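Each step along the sequence shown adds one to the number in our numbering, with nothing skipped, and position 261 is 257.
Where a beta carbon is used, it is the ideal one built from N, C-alpha and C, also for glycine.
Treat the numbers as computed from the prediction; the structure is a model and nothing was measured.
Data block below; observations after.
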Amino acid sequence: MLRILIKLRFLEIMNQMQGGKKRNKKTNILGLIAVYLCAFLAVGFLFVQIFHSICLPYHMIGLDWLYFAFSGIVVFTLCFLGSVFLAQKQIYEANDNEVLLSMPIKPMHIILSRILSLLGLNYLYALATTVPAIIVYIFDVGFNLGVFIVFALLLLFLPFLSMTFSIIFGSFIAWISSKVSRPKVIIVVFSMIFMLGYFYLCFAWQKLMAEMAKSGAAVAEIFRKYLAIFYVYGKAIADTDILFVLLFILICCIPFVLVCYFISKSFISIATRNKGGKKIAYHEKRAKARGIKSALISKECAMFIGSPTYILNAGVGVLFMPLICIYLIFGGDSLSNFTKMLGTDLIGVFICMGLGISTGMVTISSPSFSLESKTLWILKSLPIREKDIIFAKLMPHILFSFPFVIISGIIIQFAIDLNPVDRVMVILIPLVTTVLNAMIGLFLGMCFPKFNWTNEAVAIKQSSAPLLSLLCGVAVEGGVIGLLFAFVKGEMFRVNELTSVVLAIYLILCVIMAIIIKLKGESLLKKMQI
-3 MLRILIKLRF
7 LEIMNQMQGG
17 KKRNKKTNIL
27 GLIAVYLCAF
37 LAVGFLFVQI
47 FHSICLPYHM
57 IGLDWLYFAF
67 SGIVVFTLCF
77 LGSVFLAQKQ
87 IYEANDNEVL
97 LSMPIKPMHI
107 ILSRILSLLG
117 LNYLYALATT
127 VPAIIVYIFD
137 VGFNLGVFIV
147 FALLLLFLPF
157 LSMTFSIIFG
167 SFIAWISSKV
177 SRPKVIIVVF
187 SMIFMLGYFY
197 LCFAWQKLMA
207 EMAKSGAAVA
217 EIFRKYLAIF
227 YVYGKAIADT
237 DILFVLLFIL
247 ICCIPFVLVC
257 YFISKSFISI
267 ATRNKGGKKI
277 AYHEKRAKAR
287 GIKSALISKE
297 CAMFIGSPTY
307 ILNAGVGVLF
317 MPLICIYLIF
327 GGDSLSNFTK
337 MLGTDLIGVF
347 ICMGLGISTG
357 MVTISSPSFS
367 LESKTLWILK
377 SLPIREKDII
387 FAKLMPHILF
397 SFPFVIISGI
407 IIQFAIDLNP
417 VDRVMVILIP
427 LVTTVLNAMI
437 GLFLGMCFPK
447 FNWTNEAVAI
457 KQSSAPLLSL
467 LCGVAVEGGV
477 IGLLFAFVKG
487 EMFRVNELTS
497 VVLAIYLILC
507 VIMAIIIKLK
517 GESLLKKMQI
């Protein structure tokens, strides 16, 4: 029975990765292998650079164990972040708990099937990190059979440790979600915290690795005092010490077994507890009549706010725009030198185009029709004009983007010295590009709707419209930049007039898109069939 449950769990994961569509099975698997192989190589190339920056410096001062300890903590972090929300969803908030409990299946088998399927994903994450680590070590230091064997052996047990922490932290998130009235907000908050940490590392990893390479002794002391688990891991590999190997295996296995045991014993209470969160108290008040457009827009905004997947994949770009602008304030000498190199007039164009590209990363309008799925017929059956539905689908993209664009423009005023015209343009141009990208995404969403999904993440992340919307946004920005170069080369406009030219181009494109949607939108909506 355990084998059947594990197989079903992996088939479910594969089905989600494939978008829930019934296609040629062999083609699907080959396509997935190709995509994930490319991702594996891309991630591996990044980690090769990271590990290469510290491998030789640590080896030269006799701290090989620190190199492996650092690789261990990287593996642990990647596995933890990759499985913590899956653990929360599949173990504590799975939709099929009641169905499985009604069958003659042991709770331990149900729990193990879910944990082992997540553990399989953790091994994939671990391979993406450990393979570059051992390749860099062999290339920089040399091949050592004992080190290689111990490294491969401990790779089998390290994901157990990350899985234990994922299960515990997942239970913490599930517990908090059950105590608040809007549990989805908790998912968004924790996801945003992790994403902020990720983006910080993306910006600062080279500086951090350089500091780690120079301060090997200080980093080693930190690992000995505060990260003893990974100190044991590093010593076990570097010294091929059997005692450290056994100690690390026990550290990984004992907590994992205990967690599995206690969860299996409390599985019935986990499966049957109230997962609806704290109830919102109803207070009687007079209802206000709304117009059709207002009601439709409220419905669309509620759909966006109520879905963490929708927010984190389609709208997270607007949240990071102000943070990037704040980062510019503290850019220091590098930003000052860059500004002097470009000049006051040209830096305004650069900032406007940069913010315009950032607005293109928002795809709220693209999957809006796809998310209707089986409820689209309700909208089409109501006495509502098609243009009102289209307008309502467009507005959440604009309403949620505008405040962050304006805040970003205000922050830029303090970060960079601009001429008076550009101070206005750094707000106006991103606002106009937001409207343009919203219309492009909406039109593509009507041209390429995806209704045959089993998980809303498929409609948001794996449908054609969001991807094409991103590509079109980049293409438009590239085309505008090309025109600017042509204008400057042909001396048609002065440099200090370029931001005004950019604004005019985007306004013209907005008018063109509005005309296209007006002419084609209603007919596309009428043709939509689920």
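- For Ile172 and Ile163, the gap between their C-alpha atoms comes out near 14 angstroms.
- Tyr88: not part of any alpha helix (DSSP H); DSSP gives it neither H nor E.
- Non-local C-beta neighbours of Arg220 in its own chain, meaning closer than 7 angstroms and more than five positions away in sequence, comprise Tyr227, ordered along the chain.
- If you look at Ile380, you'll find it isn't in any alpha helix (DSSP H); DSSP assigns it neither H nor E.
- DSSP places Leu424 inside the alpha helix (DSSP H), whose first and last residues are Pro416 to Cys443.
- The beta carbon of Arg419 is closer than 7 angstroms to those of Gln409 in its chain, skipping five residues each way along the sequence.
- Rounded to the nearest angstrom, the gap between the Cα atoms of Phe400 and Val484 is 31 angstroms.
- Sequence-distant partners of Thr126 (beyond 5 residues in either direction) whose C-beta falls short of 7 angstroms from its own C-beta, in its chain, are Ser67, Val71 and Leu151.
- Around the Cβ of Ser404, a 10 Å sphere holds 16 or more other Cβ atoms; the residue is buried.
- The count of Cβ pairs closer than 8 angstroms, one atom from the region 94 to 113 and one from the region 127 to 144, stays below three, leaving the stretches out of contact.
- Considering only Gly469, Ser364 and Ala461, the residue with the shortest C-alpha distance to Asn433 is Gly469.
- Close CB contacts of Val132 within its chain, under the 7 angstroms cut and outside five residues either way in sequence, are with Val44, Phe47, His48 and Cys51 (chain order).
- Each residue's CA atom was taken as its position, placing Val184 and Val80 some 13 angstroms apart.
- Assignment of Met99 by DSSP, reduced to helix, strand and coil, places it in the coil class.
- The region 357 to 365 makes contact with the region 438 to 456, as at least three CB pairs between them are under 8 angstroms.
- The C-beta distance from Ile425 to Gly352 rounds to 6 angstroms, short enough to fall under 8 angstroms.
- A direct Cα-to-Cα measurement between Ile106 and Tyr257 gives close to 12 angstroms.
- If the five residues before and after Ile293 are omitted, its C-beta is found closer than 6 angstroms to the C-beta atoms of Ala388 and Met391, all from its own chain and listed in chain order.
- In the DSSP annotation of this structure, the continuous segment of the alpha helix (DSSP H) that includes Trp171 starts and ends at Leu154 to Lys175.
- Distance check between Val314 and each of Leu246, Thr429 and Val417 places Thr429 closest, using alpha-carbon atoms only.
- Distance from the CA atom of Met421 to the CA atom of Ile87, rounded to whole angstroms, is 50 angstroms.
- Secondary structure at Thr125: helix, using DSSP grouped into helix, strand and coil.
- In this structure Trp61 is in contact with Lys231, their Cβ atoms being roughly 5 angstroms apart against a cut-off of 8 angstroms.
- Taking Cys321 as the centre and dropping the five residues before and after it, the same chain places the C-beta of Ser404, Ile407, Ile408 and Ala411 closer than 7 angstroms to its C-beta, in chain order.
- From the listed residues Ser459, Leu120, Glu280 and Phe316, the smallest Cα separation to Ala35 is found for Leu120.
- Residues of the same chain with a CB within less than 8 angstroms of the CB of Leu480, apart from the 5 flanking positions on each side, are Val345, Leu494, Val497 and Val498 in chain order.
- A straight-line Cα-Cα distance of about 20 angstroms links Val417 and Phe398.
- The residue from Thr73, Ile512 and Ser113 with its alpha-carbon nearest to that of Lys3 is Ser113.
- Under the DSSP assignment, Thr495 falls in the alpha helix (DSSP H) whose first and last residues are Leu494 to Lys523.
- The three-state reading of DSSP puts Glu280 in coil, since its state is none of H, G, I, E or B.
- According to the DSSP assignment, Ile307 belongs to no alpha helix (DSSP H), since it is labelled neither H nor E.
- When the alpha-carbon of Ala124 is set against those of Lys370, Lys514, Gly40 and Phe165, the nearest one is in Gly40.
- By the neighbour-count criterion, in which 16 or more other beta carbons inside 10 Å mark a residue as buried, His393 falls on the buried side.
- Annotation for Val472: the continuous alpha helix (DSSP H) segment containing it runs Ser460 to Lys485.
- Between Ile513 and Ile386, the gap from beta carbon to beta carbon is short of 8 angstroms.
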